[in-house]
Amino acid sequence: MAHEVRGVVAKGKGEPVSVETVLVPDPGPGEALVKVQACGVCHTDLHYREGGINDEFPFLLGHEAAGVVESVGDGVTEVEPGDFVILNWRAVCGQCRACRRGRPWYCFDTHNAKQKMTLADGTELSPALGIGAFVEKTLVAAGQCTKVDPEASPAAAGLLGCGVMAGLGAAINTGGVTRGDSVAVIGCGGVGSAAVAGARLAGAAKIIAVDIDDRKLNWATGLGATHTINSSGTDPVAAIRELTGGFGADVVIDAVGRPETYEQAFFARDLAGTVVLVGVPTPEMKLELPFLEVFGRGGALKSSWYGDCLPSRDFPMLIDLYRQGRLDLDAFVSETIALNDVEAAFTKMHHGDVLRSVVVFE
1 MAHEVRGVVA
11 KGKGEPVSVE
21 TVLVPDPGPG
31 EALVKVQACG
41 VCHTDLHYRE
51 GGINDEFPFL
61 LGHEAAGVVE
71 SVGDGVTEVE
81 PGDFVILNWR
91 AVCGQCRACR
101 RGRPWYCFDT
111 HNAKQKMTLA
121 DGTELSPALG
131 IGAFVEKTLV
141 AAGQCTKVDP
151 EASPAAAGLL
161 GCGVMAGLGA
171 AINTGGVTRG
181 DSVAVIGCGG
191 VGSAAVAGAR
201 LAGAAKIIAV
211 DIDDRKLNWA
221 TGLGATHTIN
231 SSGTDPVAAI
241 RELTGGFGAD
251 VVIDAVGRPE
261 TYEQAFFARD
271 LAGTVVLVGV
281 PTPEMKLELP
291 FLEVFGRGGA
301 LKSSWYGDCL
311 PSRDFPMLID
321 LYRQGRLDLD
331 AFVSETIALN
341 DVEAAFTKMH
351 HGDVLRSVVV
361 FE
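Heads up: the sequence shown runs through residues 1 to 362, numbered per full-length UniProt numbering.
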């Protein structure tokens with residue numbers, strides 16, 4: 001039996017989104033039906049609407065979500081009805097070469113629900129990142145559900161499903177930030193500010209936030225930055241070096257994903273330091289660096305996929321830290337909105353007015 005619910009759909013490239021009737025099937029083998037309680041408005045959803053991911057319209061948008069499992073299909077053992085879960089878009093397979101080598105956070109064969117959600121006329125929907133959570137109920141692979149403490153706020157918890165986890169993980173998992181390190185984060189929107197929070201959580205001694213917007217620098221300060229640099233009028237490489245005794249930072253995180261910010265990150269790190277790219281470039285971008293500098297500076301140049309997280313390991317741990325008051329996930333929730341406010345939230349996000357707008361379902 002199909003469940004008739006409301007969801008936010010992008011029907012064509014660049015067109016405003018609309019709230020449509022969505023038909024969601026009962027879960028089949030290995031699937032779970034989740035009643036969504038909250039879902040963050042992420043830049044990736046805007047990329048889908050703009051055709052920047054692929055052209056498989058219409059899209060059912062939304063993916064940073066938390067909710068309650070309503071029912072499960074045959075063979076599901078990970079979760080059961082009534083569990084409070086965060087949805088993730090990298091449900092590990094357990095069988096690929098990365099999983100077999102004990103590195104499931106790199107899983108090369110993640111999976112999604114097999115059945116399709118549709119519009120009322122039967123048109124199949126492409127769920128954003130295999131989730132599609134701007135909807136009252138969604139169908140996912142059971143492995144995309146991670147059970148966490150049900151006392152957590154759904155609006156805050158759901159943000160671990162993408163952007164906040166990407167930033168936290170870029171610092172902790174990919175960058176390996178540890179006690180006493182100096183860290184610089186270039187770009188302090190949602191992901192960059194989360195990287196700042198991750199560096200603080202890991203015990204970094206000096207956390208330098210870099211952006212061209214003083215509002216974002218203020219957000220980063222609230223989440224743990226010890227120093228800020230407005231790079232609209234200051235050379236960030238020179239400023240980071242000045243703040244680190246002339247050496248550069250141990251870890252520099254590029255949360256923008258442009259050639260010019262990556263070059264800044266590359267030259268702002270100390271010898272044997274680490275650069276982490278977590279901002280997402282576009283296909284036409286090219287990077288040129290002096291090859292001798294790549295060799296001579298040593299260290300590591302890394303890309304961070306979803307914060308190199310393992311949801312089953314990281315989500316419960318981070319929710320526990322949130323419940324203990326050691327990780328302020330609530331600070332990322334700039335506003336809570338209704339389902340029909342998503343288009344307006346895209347505009348606010350584009351203008352840098354919010355860290356996250358979060359759709360909250362009654």
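Even glycine gets a Cβ: it sits at the ideal position worked out from N, Cα and C.
Model, not experiment: these values are computed from the prediction.
Nearest to residue i (by Cα), restricted to the options the options
i	options	result
residue 11	48, 309, 4, 281	48
residue 155	301, 38, 122	38
residue 376	102, 152, 52, 301	No answer is possible for residue 376: the residues shown for the chain start at 1 and end at 362.
residue 138	275, 317, 8, 204	8
residue 237	282, 215, 265, 337	265
residue 297	284, 269, 21, 185	269
residue 56	194, 91, 124, 328	124
residue 256	193, 58, 271	193
residue 291	313, 283, 210, 267	267
residue 71	100, 28, 103, 197	28
residue 190	318, 352, 342	352
residue 288	307, 311, 263	263
residue 361	36, 13, 74, 21	36
residue 182	261, 273, 126	273
residue 327	347, 284, 341, 160	160
residue 128	142, 101, 51	51
residue 281	53, 5, 21, 16	53
residue 61	92, 218, 20, 121	20
Reduced DSSP secondary structure (H/G/I, E/B, other) of residue i
i	result
residue 271	strand
residue 71	strand
residue 26	coil
residue 3	strand
residue 55	coil
residue 368	Within the shown structure, residues of the chain are numbered from 1 to 362, placing residue 368 beyond reach of any answer.
residue 328	coil
residue 99	helix
residue 10	strand
residue 84	strand
residue 15	coil
residue 66	strand
residue 254	strand
residue 20	strand
residue 40	strand
residue 277	strand
residue 342	helix
residue 91	coil
residue 168	helix
residue 263	helix
residue 46	helix
Sequence-distant residues of the same chain with beta carbon closer than 6 Å to residue i, five excluded per side
i	result
residue 304	170, 174, 276, 278
residue 2	23, 25
residue 227	208, 243
residue 311	88, 146
residue 285	259
residue 218	none
residue 231	210, 212
residue 199	171, 177, 183, 207
Cβ distance (whole Å) where residue i is taken to contact residue j below 8 Å
i	j	result
residue 66	residue 205	Contact flag wrong, Cβ pair sits at about 33 Å.
residue 34	residue 145	7 Å
residue 323	residue 202	About 19 Å; that fails the 8 Å criterion.
residue 196	residue 210	Not quite, the Cβ-Cβ distance comes to about 10 Å (not below 8 Å), so this is no contact.
residue 241	residue 248	5 Å
residue 6	residue 339	6 Å
residue 220	residue 141	Incorrect: roughly 35 Å between the Cβ atoms, too far for contact.
residue 132	residue 78	Rounded, the Cβ-Cβ distance is 19 Å, inconsistent with contact.
residue 17	residue 342	6 Å
residue 31	residue 114	7 Å
residue 167	residue 254	Actually they are not in contact, since the Cβ atoms of residue 167 and residue 254 sit about 12 Å apart, beyond 8 Å.
7 Å CB neighbourhood of residue i in its chain, flanking five on each side removed
i	result
residue 345	41, 337, 357
residue 309	105, 165, 169, 173
residue 213	352
residue 178	202, 203
residue 81	69, 70, 71, 72
residue 110	90, 91, 92, 93
Residues of its chain near residue i, where Cβ-Cβ distance is below 8 Å and the 5 sequence neighbours each way are ignored
i	result
residue 363	Absent from the model: residue 363. The displayed extent of the chain is 1 to 362, so no value can be given.
residue 162	40, 42, 44, 63, 64, 89, 129, 306
residue 180	203, 204, 205
Handout entry: Minimum length 4: unbroken alpha helix (DSSP H) runs contained in the stretch 176-250
Key = With a minimum length of 4 residues, the continuous alpha helix (DSSP H) runs that stay inside the stretch 176-250 are 190-201, 214-222, 236-243.
Problem - Ordered list of alpha helix (DSSP H) runs contained in the stretch 108-164, each at least 4 residues - result: Entirely contained in the stretch 108-164, the alpha helix (DSSP H) runs reaching 4 residues are, in chain order, 154-157.
Problem - Secondary structure, alpha helix (DSSP H): runs of 4+ residues fully inside the stretch 279-321 - result: Listed in chain order, the complete alpha helix (DSSP H) runs (minimum 4 residues) inside the stretch 279-321 are 291-297.
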